[in-house]
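Residue 585 is where the sequence shown ends in this note's numbering, and the numbering goes up by one at each step.
Beta carbons are placed, not taken as given, at the ideal position from N, Cα and C, and that holds for glycine.
In what follows, a single structure is set out as structure tokens and then discussed.
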Amino acid sequence: MQDQIEARSTKSKMPPKGWLAARRRAAYQAPPKSRFRRILGAVFNKWTLSAVFVILLGGILIFTYFWFLYSDEIDRRLLSGEVFTPSAGIYSAPKNIKTGDQTNTAGLIDYLKSAGYIEKNNRADASRSRFSIQNGSLLIEPGATASIDGKKVFNALSISFDKGGDTIAKIRNLDLNKDEPKARLEPRILSSLAAEGDGRRKTVNFDDLPPLLVKAITVTEDRAFFEHFGVNFRGIARALWRRYEEDADTPLSNQGGSSITQQLVKNLLLSNDPTYERKAKEALMSVILETRLTKKEIFTLYANQIYLGQQTGVAIYGVGEAIAGIIRSPNRYNPFKNTEKVEERRNQVLESMLEAGEISGSQYEQARSIKLELKKAANRHDQQGMPYFTQYVVDQLPEIVTDPEALQHMRVYTSIDPDLQRIAYETVSKRLEKLDGYFKKKTKGTLNAALVAMRPKTGEIVAMVGGRDYLTNQFNRATSAMRQPGSVFKPFVYATAINSAYDPSSRVLTAATIFKDEKKIFTFGNDTYAPNNYGDTFSNKEITLRDALVKSKNTITVDIGMQMNIGKVMNLAAKAGMPRVEKA
């Protein structure tokens, strides 16, 4: 029975006739991964992703650190120093006005414009000093920069004129809301402080630049300047590509890779070291600068820093495109050394402008046909001899301010009076023209003179003319010409004589002391000296010390100096500010 049951159960497990035996399946097994998927898995795992995250985070932190570091440097060295505004420079003394002065509205407006004022309107920059005319009165509103050492010293004014319009009738102080008998106007800017020490350098605004010059510079230096954010990657790629092309003389091949913003950063904030570190810093600082200034402000600052190819009294005719070409290599394309190279470079700029669609074909042909040449500029003047004084100030500043960077970012106020300076310059010019007629054998215009006017009580220089024309000759005869002082030194001799009353050990001389105007021989050590009076004449009469000074008697002056002791005379001169003379 048991055998039957086992046989039946075994038989029941057998599949029916004609069926296949079922097989038991194991758990699902994925097919082996492809080689590509294995590589991806090895690269993108939790460890590599963590490493990438750490690297990215570190990169962001480093970028943020250098962003703020370079931002502070730009703010400190560039923007806070007012480099790109006409406010940093050398200024004259403030202009004093009072009721009853003979002047008119047009004259005061001309002065205000020379002091950096703009006409007030809806589009005028509210931070700048402005003027306007209301009901016949001239309204003057000093701007944010109208201060000295952080203190506001120039008030808003309303100036009224008499019926004739040529005399100041009333000065109203709008800040104090009361009438004043006199007032001060902001000083004129005489010159910007150029790094190379050029006393004639001037700052230009964007609106002062000819539109074609702006186009010529951007086409030549940075076509995408008004589009990119500081770094022109297309320009860099184009420059690298063109460098390996054979057509090296094409206009495009002459373009560099640095944007105008990068060039500006390099010129003002960095060195010319050809290192990758400097290039990386330059690129980042350029991007930062683009967030600080507008494109117009950047271009204005760039235009005020680059070499514009003008020199002294010589003008470059056909200059617009030539200037754009000179920027790349001022030494190579120096118009005063090689005009032909400059003309060739000018033509390349014209081709680039034609290719970029900035000029038409007819304009291109017309400009190309103009021969580039140097001519003596007509109607040029040296701003009434002012550059002599401004250059003198530039030379003196390093003794006062030791930081060379600070010199580029400050206002320097001087005592120069523009009106007296104009009179001094006109006086010297007219006198020299008259002297040219007396010395006809000399080439006309070669005679020179110098003039210095000072306030006696303070010693402030109010006018300085160092020569006939700064554009022709930059040598300052007022400060650098070494000559015998002559009769100019006599007051020190006579002052020593008058001071003898304070020294009981010496002979006392007064204005009434008598001397004889006669020929004398003086002995000094082993040397003898026999001075002559002007014209080699002697009256052989007695004369007082006072009259000897008035008539500038040379012999009596030497006699007084010998009696008083030469050392005392030199000590008095040194106390007055004269340099001490070393013993021979």
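Buried versus exposed call for residue i [16 or more other C-beta atoms within 10 Å across all chains shown]
{"i": "Pro388", "result": "buried"}
{"i": "Arg224", "result": "buried"}
{"i": "Ala238", "result": "exposed"}
{"i": "Ala575", "result": "exposed"}
{"i": "Val84", "result": "Its pLDDT being 48, under 50, Val84 is placed unreliably in this model, and the value from its coordinates should be taken loosely. Burial call: buried."}
{"i": "Gly438", "result": "exposed"}
{"i": "Gly467", "result": "buried"}
{"i": "Glu427", "result": "exposed"}
{"i": "Ala196", "result": "For Ala196, the predicted structure reports a pLDDT of 46, less than 50, and the residue's modelled location is therefore unreliable. The matter cannot be settled from this model."}
{"i": "Leu175", "result": "exposed"}
{"i": "Tyr303", "result": "buried"}
{"i": "Val509", "result": "exposed"}
{"i": "Gln367", "result": "exposed"}
{"i": "Pro505", "result": "exposed"}
{"i": "Glu222", "result": "buried"}
{"i": "Asp274", "result": "exposed"}
{"i": "Asp518", "result": "buried"}
{"i": "Tyr495", "result": "buried"}
{"i": "Gly562", "result": "buried"}
{"i": "Ala549", "result": "buried"}
{"i": "Arg129", "result": "buried"}
{"i": "Met465", "result": "buried"}
{"i": "Gly568", "result": "exposed"}
{"i": "Glu228", "result": "exposed"}
{"i": "Glu359", "result": "buried"}
Assigned secondary structure, residue i (DSSP; H/G/I helix, E/B strand, else coil)
{"i": "Ile522", "result": "coil"}
{"i": "Arg581", "result": "coil"}
{"i": "Lys458", "result": "coil"}
{"i": "Asn97", "result": "strand"}
{"i": "Thr447", "result": "coil"}
{"i": "Arg131", "result": "strand"}
{"i": "Gln263", "result": "helix"}
{"i": "Leu452", "result": "strand"}
{"i": "Leu510", "result": "coil"}
{"i": "Ile499", "result": "helix"}
{"i": "Met411", "result": "coil"}
{"i": "Gln312", "result": "Its pLDDT being 42, under 50, Gln312 is placed unreliably by the model, and the measurement read from it follows with that caveat. DSSP places Gln312 in strand when its eight states are reduced to three."}
{"i": "Ala574", "result": "helix"}
{"i": "Gly200", "result": "With a pLDDT of 43 at Gly200, under the threshold of 50, the modelled position of that residue is not reliable, and the figure given next carries that caveat. Three-state result, Gly200: coil."}
{"i": "Leu109", "result": "helix"}
{"i": "Leu191", "result": "strand"}
{"i": "Arg346", "result": "helix"}
Limits of the unbroken alpha helix (DSSP H) element including residue i
{"i": "Met565", "result": "555 to 565"}
{"i": "Val395", "result": "387 to 401"}
{"i": "Ser361", "result": "That residue, Ser361, is in no alpha helix (DSSP H); it is neither H nor E in DSSP."}
{"i": "Glu298", "result": "296 to 306"}
{"i": "Glu187", "result": "That residue, Glu187, is in no alpha helix (DSSP H); it is neither H nor E in DSSP."}
{"i": "Ile56", "result": "47 to 75"}
{"i": "Glu427", "result": "419 to 439"}
{"i": "Phe37", "result": "36 to 44"}
{"i": "Ser529", "result": "In the sequence as presented, Ser is not what sits at residue 529; that position holds Thr. First-last for Thr529: 528 to 530, but that is the beta strand (DSSP E), not the alpha helix (DSSP H)."}
{"i": "Asp548", "result": "546 to 551"}
{"i": "Ser159", "result": "Counting along the chain, Ser159 falls outside any alpha helix (DSSP H), though it belongs to the beta strand (DSSP E) covering 158 to 162."}
{"i": "Val489", "result": "Segment: none, Val489 is in no alpha helix (DSSP H) and carries neither H nor E."}
{"i": "Lys517", "result": "That residue, Lys517, is in no alpha helix (DSSP H); its beta strand (DSSP E) goes 515 to 517."}
Residue i vs residue j beta-carbon contact at 9 Å
{"i": "Ala116", "j": "Glu187", "result": "yes"}
{"i": "Ile401", "j": "Val463", "result": "no"}
{"i": "Thr391", "j": "Leu109", "result": "no"}
{"i": "Thr301", "j": "Ile261", "result": "no"}
{"i": "Asn533", "j": "Lys542", "result": "no"}
{"i": "Ile134", "j": "Leu158", "result": "no"}
{"i": "Thr415", "j": "Ser93", "result": "yes"}
{"i": "Leu294", "j": "Val266", "result": "no"}
{"i": "Val413", "j": "Ile91", "result": "yes"}
{"i": "Ile169", "j": "Lys99", "result": "yes"}
{"i": "Ile544", "j": "Ile499", "result": "no"}
{"i": "Ile172", "j": "Lys164", "result": "no"}
{"i": "Ile75", "j": "Leu270", "result": "yes"}
{"i": "Asn268", "j": "Arg185", "result": "no"}
{"i": "Gly446", "j": "Arg469", "result": "yes"}
{"i": "Val288", "j": "Phe226", "result": "no"}
{"i": "Ala451", "j": "Arg432", "result": "no"}
Continuous beta strand (DSSP E) stretch holding residue i: start and end
{"i": "Asn174", "result": "169 to 174"}
{"i": "Ser138", "result": "138 to 142"}
{"i": "Asp180", "result": "179 to 181"}
{"i": "Gly90", "result": "90 to 92"}
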